[in-house]
Every structure is written in C-alpha cells, then in structure tokens.
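Sequences listed follow chains W and G, in order.
For the first sequence, our numbering gives the first residue as 1, with consecutive numbering after it.
For the second sequence, our numbering gives the first residue as 1001, with consecutive numbering after it.
We put the beta carbon where it would ideally sit given N, CA and C, even for glycine.
Since the model is a prediction, treat every value here as computed from it, not as a measurement.
Number of protein chains: 2
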Amino acid sequence: MASIDDVARHAGVSTATVSRVLNGKNTVSTTTAEKVLAAVNALDYVMSSSASGLASGRTKNIGVVVPELTRWYFTNVVEGIASGLLHHGYDLTVYSLRDGGSARRSVFEQSLLRQRVDAFIAISQELTNDELAKLRALNKPLVGVGGPLPGVHTLSIDDVAVSTEATQHLINLGHTRIAHISGTVEFEADFHLPTNRRSGYEAALTAAGIPIPHDLQAAADFTIPGGYGATQQLLTLGDRRPTAIFVSSDEMAIGSILAIREAGLTVGRDVSVVGIDNYELSDYFGLTTVAQYPQDQGRQAVELLMNVLQPGRPVSTNLITPLTTELLVRSSTGPAPSTDRKTRT
Amino acid sequence: MASIDDVARHAGVSTATVSRVLNGKNTVSTTTAEKVLAAVNALDYVMSSSASGLASGRTKNIGVVVPELTRWYFTNVVEGIASGLLHHGYDLTVYSLRDGGSARRSVFEQSLLRQRVDAFIAISQELTNDELAKLRALNKPLVGVGGPLPGVHTLSIDDVAVSTEATQHLINLGHTRIAHISGTVEFEADFHLPTNRRSGYEAALTAAGIPIPHDLQAAADFTIPGGYGATQQLLTLGDRRPTAIFVSSDEMAIGSILAIREAGLTVGRDVSVVGIDNYELSDYFGLTTVAQYPQDQGRQAVELLMNVLQPGRPVSTNLITPLTTELLVRSSTGPAPSTDRKTRT
DNA sequence: GTGAAAGCGCTAACAC
DNA sequence: GTGTTAGCGCTTTCAC
C-alpha cells in the first residue's frame, strides 16, 4: 500500500504538493500536477481516509440514521443518498435503529460520536430532545428527510396537502361516502404521519361540505395485509359501505384492492381506491396515487449537505424544503356509482 | 470534544493507560481502570476513529458491497449485518453498485481502497477477476453471502438442493405436469442462480421418472409483475396447462398466484404454486415456499468476520458454509387434480 | 502495572 | 508555485 511519501518521491515533489493535487487545490502548476497524477497511477495510490481524516478533520463520509432498512420508503431514500454521495466521492455509513432500545442508545451514545462522519442525514425519525442534543453537540451538519426536526433543515412532502389532493380527486369523481384508512398510533412517532394525512382528508371533505363519515374510519400498520384487513372491515357494512377509500399509503391501498377483488367487487367501479407513495407495485395494481420520489429525496438531501460542507456553495436559509409529489390517476379510481347502486348490488 | 489527553489528566494516568483500558487490554489494575472509566464518563469521551485507525490500522468498520438496496433479499441481509456489527461495536459502510458501470468502477478503484474498513462482505455479487484481485490486494478479510466467490469464504444456500426439494414437494402431491418459471439470463450474473434452480427442478423430475416438459418453461425478472406475465403465458395452454408451477422466487410466485386467481382458477387446487425465499408477503398469500433467512445470513457473516478479525477466535477452514432453509407448506399447494380435470374445466 | 515517546500518513500554516 | 515542518489523537514498543 503506497503512501503519500512514495508518491512524492516517485514524482520528485514534496508531500505537500501531492496533497494539494489530490485535494484539488488549484495552486499547483499543470505540469507538476501531471507528474503527480502519473505517480499516483503508477503506484495505484489511494490515500488513507484515517490519516486524511485525522489531519484535516474531514472524513469524506456521511452517516445516515434510519429506523430500519427493509421498508420501501427507507431503502429508496438510502439508495438515493448512496447514489448522490458516490458522485461527490463520499462514502456512506449506515446506522439502523431497527433493533430498538439498547441498540438505539448505543448508536447515539457511541457510534455516532466516533467522528467517523462529516455530517448526518436522519430519515423519518423523530428524535428525542436528548438525542437531538447529542447530535448537535457534535457540531456537524444534519439534515432530515421525511419530517420536520426542530431546528433542522428538513426535506419533507406536505402530508396534509397531499392527502387533501388525494381526497379531492375522489370528491371530483362524485364520491361522497369516502372512507379513510390511516396508520395506527404507533406510527405517530414518524412525525405524526397518520394524523397529518387524516387532517388532509378531513379538510378536503369539509371544504366540499361533506360530513366526515365516522363509521368509515379504519387504521392499519402500513402493510399490505394490514390494509387488506382494514378494508374487509369496511366492506362488511353492506349497503352502507364506502364507494371510495383514501388510504394513507400504497402498500395498505394494495391490500384494499385485494380485499375488494376478493369480495367480488370491481376496483375503480364499485369501490375506488387512492393511496400515497407510488410504491413499486402500484403501477402493476393500477393504483391511483399521489407519487413521492424517495430516491430523489435522498439525492436532494446529499446536495443540501454538500452545500453546507463545501464552502463557497450556496446555503439556503429556509429550514423546510418541500418535495415534489404528483397525482397519478390509474384504474383504481373512477366515477362514483350511480345512486341506484343499492338496487344493483 | 474531549481527547484522550483530557481523560488521562482527569484520571491522573498516562494516555497509554487510557488507551489500554479502552481497548480492553487486561494489563491494567482494576482500580486504575475504574478511575479511567469514571473520567471517560465524566467527560463523555468517545475516541476518534480516525486517530485510532491511523495509529492501529484498525478502523472498527466493515464495508458491505451490495448490488442494490431495494430488493427484499439484499436489504434483509444488510439489516442482519447491521444488527450483528452493532453488537460487536463495529460500524457499517455500504457500497451500493446500483448505479452500474462507472459507479461500480469508482467503488472498486477508489472507495474500497480508502482503508476505511477492516474487512468486506460481498452480497450476491459475482465479481470480475480484476475486482476480486483488487479486493485481495487490500489484504483484508472478505466473506461472501449468497453465492460462491472463488477462494472466498462464502455463506450460501444450496440452490440446487432447495429447488429439488420444492419440486419434490409437488411430485409428492401427485403432480406430473409441473412448470418452471426461472430467472432471465441477466440474473445469471448472480452466481448462476437461474441455472442452478432449474437444475434442481430437472433433477427432481428426472429422479421421479417424469420427462421434463419443455413446453412448460418460462422466465421472468424476479418481480411480481414478471411472475404474473410468465404465468399468464403458461395458462394460455388451456387443457395442456400445468397443474403445478415451481417458481424460482417468491416474488414471482406471488405474481403467479395473482395470475391464476385472475384466470378464475383456484390456487392450490387447480394450479399449485411453490416458491423460494419466504418473502415478507408469502405468508399473506398462503404461498408454499422453501424459506431462507437473509437476516440470519447477515448475522452469520458478521460472526465469521469477527472470528477472523479477533485473533484467538476459532477460524473455520472450509470455504462454504451451507445455510438453513425450510419447506413451509401453505395453501398454494395441494394434491394434483384428478385426471377428469379436463372435463371439469 | 504504568509512563515516555516515537510514530501512524496525512494537511495546513508558513516560508521562500 | 512549491517545500518544510508542526501537528491531528491515538497506539504501541520499550523502559522502569
């Protein structure tokens, strides 16, 4: 493993010059730089991140704190981050909190403090004041993805607006008996996502003068089986069943579709379904949804960090960056059945 | 950010002693060790990984090279690795090859060489000889998960045996017209997984004296929609359609189930389906499958590495560690329809 | 059982 | 535009 001294010797320059070339300082003459680069190639030299990190205080490594790695949203954000960082020559160290309590403590009290990274990205993770304080004490840039962290620059979709849009789509199609499947309370920890999405739903109904149907509310755990079960409940209402359902996530919405099919009804005709996400299977199931783009969100988070990390780049001052979403209308939503539905059933 | 000197001063000892305590060298008296630990707590000291890494050559960080982060198998292996490493006080740096060509090159020629990690885990990744040589040149331990790498200790299920078991299950139920949906050729790069699983299928048929039905072969891309499409093809055969399908992965098998349902047939009665994996939705769909346990595989890979990394731990000598699998019989498989099926249809 | 001191391989003043 | 040199914060001989 060649060291910077080997390169310097091989190129006939000082180590300082080698360092300057490798760090892109443009105070080196083109000819010298070429000699250095030639030596670097000849020796297959790659600098030691430990040595560089110790001397400069910069590790060229970013830490990502994520609730778990196996859900669609999280993995896609992480994949986007990985892709973004690679472009900037940064590495990615992942801290999964999946194991819960003691693991979480060991991450916040040990791992994160090892000065292994230059900055952090926290994904969909409501942090305790104590944890936030620990992160801040490190005095390293921190950006959030997926929900607002107090005092932290965050990328987030507007959950309320997105839910209003989805519900409004159903209202526009003439639906009035619109059910809602939200997340169960344990997901409140993720930035009150269930509550925010319910608020958007209620706002749309209220604005349209439609009373909120309290008999048409259900909740599940953001999985396909969960959405399936919740929908089965809603379908037991017989004639009083909804003609449309706004579901808080696409995975649950796919569960709804499966339940509706199984009940012998036609999705998009007897019962319309709209979700949020544009999950990987949503297109396949013809699910109308408000799409969000987690991989782009990850890439954007990286750009945000690079702006902070690389002096000279513009730093935006507002703490919340709204993210792109888009209503994708597919076959799972259609006009409300005509009022003679009861007799047809 | 307290340094080791601060701790040493606070405890009234030398930095060498602090280092010894923190690294678990048992050449320090209990009383001194306690003083040191007290100082560490008082100052909230956590050592700098760069400094420690530079001085010792050990980073307490493991690199994972993964084809992408968004597929069930990969994310679960990575989650298992993360969990295992956390227990050992190691961090996890992820290198996703998802972006393809140039990204892959930059990973192998730059990122991996930065001496940021003590060892590597390569997941389901057939490496070129060049890449393998680069990794070996680093002289760092390397273990593979998901397929055999030449000369590398690898954790792998026996794809042939597992496929034979799945097919045998169908044969035992009396099926003889058994179709196979395999992976398309582009997945051959993952250790010839399509070929191996097909071999197991053919071996089971041959052993049972059943000729291989060449009209009942299809291939797809390991996704639900892919399996759905392949199955639709198989069902166009009318009376000559299969009574059972062995599908190379659960995701595709779920696509099969959806296609069979949509054709108005009953899964497990008209057509049986068996897959491989025990994907997160397999239970929900009642899919019979040969389960594998990617999170455990990740944890096992970590233990293997720790044995190599921490001298004194036993190092196993055989290069391939077979992994646990288990046939889970659910409702998607049932006895072959009686031969009057044609008339019933 | 403990301390002194020489690095580990870089970076960043500071000189020239 | 380039070289000299003093650290960065640890680990690890080598003494004692």
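Inset, instruction - List the residues of chain G whose Cβ lies closer than 9 Å to the Cβ of residue 83 of chain W, in chain order. - result: Numbered from its first residue, the first sequence carries residue 83 of chain W at position 83. Residues of chain G passing the Cβ test: 1096, 1098, 1099, 1103.
Legend entry - Any C-beta of chain W under 8 Å from that of residue 1041 of chain G: In the second sequence, counting from the first residue as 1, residue 1041 of chain G sits at position 41. Taking Cβ atoms only, chain W never reaches closer than 8 Å to residue 1041 of chain G, which makes this a no.
Legend entry - Distance between residue 28 of chain W and residue 16 of chain W (C-alpha atoms, nearest Å): Position 16 of the first sequence, counted from the start, is the residue given in the question as residue 16 of chain W. Position 28 of the first sequence, counted from the start, is the residue given in the question as residue 28 of chain W. Answer to the nearest angstrom: the Cα atoms are 10 Å apart.
Inset, instruction - Please check if any C-beta of chain W sits within less than 8 Å of the C-beta of residue 1136 of chain G. - result: For the purposes of this step, residue 1136 of chain G is taken as the residue at position 136 of the second sequence. Chain W, which has no Cβ nearer than 8 Å to the Cβ of residue 1136 of chain G, makes this no.
Legend entry - Per-residue DSSP class, three states only, for residue 1277 of chain G: Working through the second sequence from its first residue, we reach residue 1277 of chain G at position 277. Three-state DSSP puts residue 1277 of chain G in a strand.
Inset, instruction - Determine the DSSP secondary structure at residue 127 of chain W, reduced to helix, strand or coil. - result: Taking the first residue of the first sequence as position 1, residue 127 of chain W is located at position 127. DSSP places residue 127 of chain W in coil when its eight states are reduced to three.
Inset, instruction - Return the first residue and the last residue of the alpha helix (DSSP H) that residue 296 of chain W is part of. - result: By 1-based counting over the first sequence, the position of residue 296 of chain W is 296. Unbroken alpha helix (DSSP H) run through residue 296 of chain W: 294 to 309.
Legend entry - Terminal residues of the beta strand (DSSP E) in which residue 63 of chain W lies: Indexing the first sequence from 1 puts residue 63 of chain W at position 63. 61 to 66 is the extent of the beta strand (DSSP E) around residue 63 of chain W.
Inset, instruction - Kindly list the residues whose CB is nearer than 6 Å to the CB of residue 1110 of chain G, restricted to its own chain and excluding five residues on each side of it in sequence; keep chain order. - result: Position 110 of the second sequence, counting from 1, holds the residue named residue 1110 of chain G. So the list is empty, once near-sequence residues are dropped.
Inset, instruction - My understanding is that residue 278 of chain W touches residue 328 of chain W, with C-beta atoms under 8 Å, so please give their C-beta distance in whole angstroms. - result: The residue you call residue 278 of chain W lines up with position 278 of the first sequence. The residue you call residue 328 of chain W lines up with position 328 of the first sequence. With 8 Å as the limit, residue 278 of chain W and residue 328 of chain W qualify as a contact, their Cβ atoms being about 6 Å apart.
Inset, instruction - Could you tell me whether any Cβ in chain W is nearer than 8 Å to the Cβ of residue 1141 of chain G? - result: To locate residue 1141 of chain G, count along the second sequence from 1; it is residue 141. Output row for residue 1141 of chain G: interface = no.
Legend entry - Range of the contiguous alpha helix (DSSP H) that encloses residue 1108 of chain G: Reading the second sequence from its first residue, position 108 is the one you call residue 1108 of chain G. Here the alpha helix (DSSP H) through residue 1108 of chain G covers 1101 to 1109.
Legend entry - CA-to-CA distance, residue 298 of chain W to residue 1065 of chain G, given in whole angstroms: Sequence index remark: in the second sequence, residue 1065 of chain G carries index 65 (1-based). Sequence index remark: in the first sequence, residue 298 of chain W carries index 298 (1-based). Residue 1065 of chain G and residue 298 of chain W: Cα-Cα distance of roughly 19 Å.
Inset, instruction - May I have a chain-ordered list of the beta strand (DSSP E) segments no shorter than 3 residues that lie completely inside the region 1203 to 1257 of chain G? - result: 1217 to 1220, 1244 to 1247
Inset, instruction - State the CB to CB distance for the pair residue 276 of chain W and residue 162 of chain W, rounded to an integer number of angstroms; the pair is presumed to be in contact (CB under 8 Å). - result: Locating residue 276 of chain W in the first sequence gives position 276, counting from the first residue. Locating residue 162 of chain W in the first sequence gives position 162, counting from the first residue. Right, the Cβ-Cβ distance comes to about 6 Å (below 8 Å), so this counts as a contact.
Inset, instruction - Report all residues from its chain with a CB closer than 6 Å to the CB of residue 1073 of chain G; omit the five preceding and five following residues, and keep chain order. - result: Within the second sequence, residue 1073 of chain G is the residue found at index 73, counting from 1. Here the set comprises 1294.
Legend entry - The beta strand (DSSP E) enclosing residue 1095 of chain G, as first and last residue numbers: Residue 1095 of chain G sits at position 95 when you count from the first residue of the second sequence. First-last of the beta strand (DSSP E) with residue 1095 of chain G: 1091 to 1096.
Inset, instruction - Apply the 10 Å Cβ neighbour rule to residue 1044 of chain G and answer buried if 16 or more other Cβ atoms are within range, or exposed otherwise. - result: For the purposes of this step, residue 1044 of chain G is identified with residue 44 of the second sequence, where counting begins at 1. It is exposed - the Cβ of residue 1044 of chain G has fewer than 16 other Cβ atoms within 10 Å.
Legend entry - Own chain partners of residue 1167 of chain G with C-beta closer than 6 Å, once the 5 adjacent residues on each side are dropped: Here the question's residue 1167 of chain G lines up with position 167 in the second sequence. Correct list, in chain order: 1201, 1204, 1246.
Inset, instruction - Assign residue 1014 of chain G to buried or exposed, taking buried as 16 or more other Cβ atoms, counted over all protein chains shown, within 10 Å of its Cβ. - result: Along the second sequence, read from residue 1 onward, the residue named residue 1014 of chain G stands at position 14. It counts as exposed.
Inset, instruction - Spatial neighbours of residue 1231 of chain G within its chain, please: CB distance less than 6 Å, with the 5 preceding and 5 following residues excluded, ordered by chain position. - result: Residue 1231 of chain G sits at position 231 when you count from the first residue of the second sequence. The answer, listed in chain order, is 1256, 1259.
Inset, instruction - Find the residues of chain G that neighbour residue 86 of chain W, judging by a C-beta separation of less than 9 Å, and give them in chain order. - result: As a working note, residue 86 of chain W is residue 86 in the first sequence. Going along chain G in sequence order, the residues near residue 86 of chain W (Cβ under 9 Å) are 1095, 1096, 1099, 1103, 1106, 1107, 1111.
Inset, instruction - Let me know if residue 1141 of chain G comes out buried or exposed under the rule of 16 or more other beta-carbons within 10 Å of its beta-carbon. - result: Taking the first residue of the second sequence as 1, we reach residue 1141 of chain G at position 141. The residue is buried, with at least 16 neighbouring Cβ atoms inside 10 Å.
Legend entry - Contact list for residue 1050 of chain G against chain W, beta-carbon separation under 7 Å: By 1-based counting over the second sequence, the position of residue 1050 of chain G is 50. Per Cβ cutoff of 7 Å: 50, 53, 54, 59, 115.
Inset, instruction - Please check if any C-beta of chain G sits within less than 8 Å of the C-beta of residue 131 of chain W. - result: In the first sequence, counting from the first residue as 1, residue 131 of chain W sits at position 131. No, residue 131 of chain W lies away from the interface with chain G (no Cβ there is under 8 Å from its Cβ).
Inset, instruction - May I ask you to report which of helix, strand or coil DSSP gives residue 1192 of chain G? - result: If you number the second sequence from 1, residue 1192 of chain G lands on position 192. Looking at residue 1192 of chain G - three-state DSSP - the assignment turns out to be coil, as it is neither helix nor strand.
Inset, instruction - Residues of the region 1068 to 1083 of chain G with a CB closer than 8 Å to any CB of chain W: list them in chain order, please. - result: 1068, 1069, 1070, 1072, 1075, 1076, 1078, 1079, 1082, 1083
Inset, instruction - Mind checking the region 183 to 201 of chain W against chain G and listing, in chain order, the residues whose C-beta falls within less than 8 Å of any C-beta there? - result: none
Inset, instruction - Determine which residues share a DSSP beta bridge with residue 120 of chain W and list them. - result: Position 120 of the first sequence holds residue 120 of chain W. W/63, W/142, per the DSSP bridge assignment.
Legend entry - Proximal residues to residue 174 of chain W (C-beta, below 6 Å), its chain only, five neighbours per side dropped: As a first step, residue 174 of chain W is located in the first sequence; it is residue number 174 there, counting from the start. Excluding residues within five positions, the ones whose Cβ falls inside 6 Å are 335, 336.
Legend entry - Proximity to residue 244 of chain W [Cα-Cα], best of W/216, W/52, W/224, W/228: Numbered from its first residue, the first sequence carries residue 244 of chain W at position 244. It is W/216.
Legend entry - Spatially closest choice to residue 97 of chain W from G/1112, G/1079, G/1101, G/1127, by CA coordinates: Residue mapping note: residue 97 of chain W aligns to position 97 of the first sequence, counting from 1. Taking only the C-alpha atoms, the option nearest residue 97 of chain W is G/1079.
Inset, instruction - Kindly list, in the order they appear in chain W, the residues whose Cβ is closer than 7 Å to that of residue 1036 of chain G. - result: For the purposes of this step, residue 1036 of chain G is taken as the residue at position 36 of the second sequence. Result: empty, since nearest Cβ-Cβ is about 17 Å, beyond 7 Å.
Inset, instruction - Return helix, strand or coil for residue 181 of chain W, following the three-state DSSP convention. - result: On the first sequence, position 181 is the one that residue 181 of chain W refers to. Residue 181 of chain W falls in the strand class under three-state DSSP.
Legend entry - Residue environment, residue 240 of chain W, which counts as buried when at least 16 other CB atoms sit within 10 Å: On the first sequence, residue 240 of chain W is found 240 positions in, with the first residue counted as 1. Residue 240 of chain W is exposed by the Cβ-count criterion.
Inset, instruction - Using 10 angstroms around the beta-carbon of residue 1005 of chain G, count the other beta-carbons present and answer buried if the total reaches 16, otherwise exposed. - result: Position 5 of the second sequence, counted from the first residue, corresponds to residue 1005 of chain G. Residue 1005 of chain G is exposed by the Cβ-count criterion.
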